[in-house]
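To start, the structure itself, in structure tokens.
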Amino acid sequence: MSDLPSLRETLDAHGLMAKKSFGQHFLLDLNVTRKIVRLAGPFAGDTVIEVGPGPGGLTRALFESDAGRVIAVEKDARFLPLLAELDDGSGRLTLVEADALKVDEAIIAGGPAHLVSNLPYNVGTALLIKWLTGPWTPASMTLMFQKEVAQRVVAQPGDAAYGRLAVISQALCEARMVMTLPAAAFTPPPKVSSAVVHLRPLAERLSDARIRKLEKVTGAAFGQRRKMLRSSLKPLGGATLCEAAGIEPDARAETIDVAGFLRLADALA
Numbered sequence: 212m213s214d215l216p217s218l219r220e221t222l223d224a225h226g227l228m229a230k231k232s233f234g235q236h237f238l239l240d241l242n243v244t245r246k247i248v249r250l251a252g253p254f255a256g257d258t259v260i261e262v263g264p265g266p267g268g269l270t271r272a273l274f275e276s277d278a279g280r281v282i283a284v285e286k287d288a289r290f291l292p293l294l295a296e297l298d299d300g301s302g303r304l305t306l307v308e309a310d311a312l313k314v315d316e317a318i319i320a321g322g323p324a325h326l327v328s329n330l331p332y333n334v335g336t337a338l339l340i341k342w343l344t345g346p347w348t349p350a351s352m353t354l355m356f357q358k359e360v361a362q363r364v365v366a367q368p369g370d371a372a373y374g375r376l377a378v379i380s381q382a383l384c385e386a387r388m389v390m391t392l393p394a395a396a397f398t399p400p401p402k403v404s405s406a407v408v409h410l411r412p413l414a415e416r417l418s419d420a421r422i423r424k425l426e427k428v429t430g431a432a433f434g435q436r437r438k439m440l441r442s443s444l445k446p447l448g449g450a451t452l453c454e455a456a457g458i459e460p461d462a463r464a465e466t467i468d469v470a471g472f473l474r475l476a477d478a479l480a
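Residues in the sequence shown are numbered consecutively from 212, following the numbering used here.
Right under this line is the structure:
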């Protein structure tokens, strides 16, 4: 990696710029990408999947780590020739041209894998929900979001950012914010700051049925978050459902912890 030209030189050589329609904002500082990889690891030879590698700043740092394989999923075909230049012939790099929302990670990874990505802003939340609730469970996730989204992932009851994303994330993972970055760290700079969240799946995963019920309950509760639960959950049982779960019917969604929402999910018929 040390023999390669800088990321900015590589972008210039290929005549590439970020596409706003893809939500692209590049991290070109290798000191920053190396720190993200250190926060994500160690990988102990495991496979790492990176979504939206763009010019490959994070990819380079992953190659310097103890990852066994690095699978880069890139929707923007413009970057594939640039990323192919990182291939050292060792077989560690696999490029997948695809929309990450449609990829079957179990097939491309062939087993357990970690996710480490500077996610495109326009699909970050949708990708997280896919990885949290879908059939494939990553070994860990270290993901860059807009700071506002990252705060929603790690928020606690009573926080302004606490909502459906926090409940689902924390019902399935241990989630913590491990790094923040100003807009100036990116090229082109976005209008907001960013943050990295590290998520590690809990030892005992919820069953698919419980996940679906949790999604249903949180969708109703936070869909009308200013209402009391007796009202927002009325289509699902209202006060009767709350009482069955040991929840005060006059409470509002933002005051209920993850355990409370799991009880509400379990109380659903």
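Ideal Cβ positions, reconstructed from N, Cα and C, are used throughout, including at glycine.
Val364 bridges to which residues according to DSSP?
Per DSSP, none; premise fails for Val364.
With a 10 Å radius around its C-beta and 16 neighbouring C-beta atoms as the bar for buried, classify Ala337 as buried or exposed.
exposed
In or out: Ile500 buried (at least 16 other Cβ within 10 Å) or exposed?
In the structure displayed, the chain extends from 212 to 480; residue 500 sits before or after that span and is not available.
Start and end of the beta strand (DSSP E) containing Ala386?
Cys384 to Leu392
For Lys286 and Ala295, what's the separation of their Cα atoms in angstroms?
14 Å
If you draw a straight line from the C-alpha of Ala432 to the C-alpha of Ala464, how long is it?
Taking the Cα positions, Ala432 is about 6 Å away from Ala464.
Out of curiosity, what's the CA-to-CA distance linking Gln435 and Ile340?
20 Å
Using the beta-carbon count (16 or more within 10 Å), is Ala224 buried or exposed?
exposed
How big is the Cα-Cα spacing for Gly457 and Leu475?
8 Å
Nearest by alpha-carbon distance to Pro400: which of Asp370, Val389, Pro292 and Gly234 is it?
Gly234
Count the other C-beta atoms from every protein chain shown that fall within 10 angstroms of the C-beta of Gln367, then say buried if there are 16 or more, exposed otherwise.
exposed
From the DSSP output, in three-state form, read off Asn242 for me.
helix
Can you say whether Lys402 is buried or exposed, counting buried as having 16 or more other CB atoms within 10 angstroms of its CB?
exposed
Output yes or no for whether 8 Å exceeds the beta carbon distance between Leu306 and Leu326.
no
Exposed or buried, which one is Gly471 when buried takes at least 16 other CB atoms within 10 Å?
buried
Taking the beta carbon of Met352 as the centre, do at least 16 other beta carbons fall within 10 Å, making it buried, or is it exposed?
buried
Pair every Cβ in the stretch 275 to 291 with every Cβ in the stretch 244 to 257, then say whether three or more of these pairs are closer than 8 Å.
yes
My assumption, with CB atoms under 8 Å, is that Ala386 sits in contact with Val364. Please give the rounded CB distance.
The beta-carbon separation of Ala386 and Val364, rounded to 5 Å, stays under the 8 Å limit for a contact.
Take the Cβ of Ala324 as the centre, count every other Cβ of all protein chains shown within 10 Å, and call the residue buried at 16 or more, exposed below.
buried
Residues near Gln362 by beta carbon distance below 7 Å, same chain, minus five either side
Ala372
Hey, out of Phe237, Lys231, Leu241 and Glu454, whose CA is closest to Glu275's CA?
Nearest C-alpha to Glu275 among Phe237, Lys231, Leu241 and Glu454: Leu241.
Please report how far the alpha carbon of Asp297 lies from the alpha carbon of Trp342, in whole angstroms.
The sequence as given places Leu at residue 297; Asp does not occur at that position. So the two alpha carbons sit approximately 27 Å from each other.
What are the partner residues of Pro346, as DSSP defines its beta bridges?
Answer is none; Pro346 lacks a bridge partner.
Residues that Ile260 bridges to, as DSSP identifies them:
Ile282 and Leu326
What do you reckon, are the CB atoms on His236 and Phe356 nearer than 8 Å?
no
State the beta-bridge partners of Met228 as determined by DSSP.
Bridge partners of Met228: none, in fact.
From Asn329, Arg423, Arg411 and Trp347, pick the residue whose C-alpha is nearest to that of Ile319; which is it?
Closest option to Ile319, judged by alpha-carbon separation, among Asn329, Arg423, Arg411 and Trp347: Trp347.
Under a three-way DSSP split, which group does Ser217 fall into?
coil
CB contact flag (Thr270, Ala288, <8 Å):
no
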